[in-house]
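Input: a single structure, listed below in C-alpha cells.
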Amino acid sequence: MMGPSGEDLYRLDGNGAAGVLQEVFVAEMTTASCTCAACGGVSAVGALHLYGGAMGSVLRCPNCVTLVLCITSGPAGHFIELRGILHV
C-alpha cells in the first residue's frame, strides 16, 4: 500500500529486525555495514528496507531493492539466507 507521497506503508528500516537478528547473531548487526551483491552499494543493515510479517523478515537493498537478507523462523529454529550480501 502506498502513502500519499508514494512511500510504501508496509516498509520499515532494518532496525525493525533487530530482535530477530540478535537471536541469530552474537554481535549487534543493525550497525554492521554490508555490501549488496547486485549493485555493490554499501549500507548499514539498519538502513536496509525491511518487509516483515508472520512468516519472516525480508531485508532489501535501499539502492536497488534486491533481496539482501531473509530470515524465517519455525519450530526447528531460525533459517537465514544471506545470498544478497557480498560481505559484512
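For the sequence shown, our numbering assigns the number 280 to the last residue and increments by one with no breaks.
Just so it is clear, CB atoms sit at the ideal spot from N, CA and C, and this is done for glycine as well.
Please read these numbers as outputs of a predicted model, since none were measured by experiment.
query, result
"C-alpha gap between serine 225 and leucine 251, whole angstroms", "13 Å"
"Beta-carbon proximity check, threonine 227 vs histidine 279, cutoff 8 Å", "yes"
"Rounded C-alpha distance that separates leucine 274 from proline 267", "21 Å"
"Nearest residue (CA-CA) to glycine 211, options Cys231, Val257 and Thr264", "Thr264"
"Those residues which DSSP pairs with cysteine 226 across a bridge", "Ser235"
"Whole-angstrom distance between valine 257 and glycine 232, CA atom to CA atom", "12 Å"
"Three-way DSSP call (helix, strand, coil) for threonine 258 in this model", "coil"
"Exposed unless 16 or more other CB atoms sit within 10 angstroms - verdict on histidine 270", "exposed"
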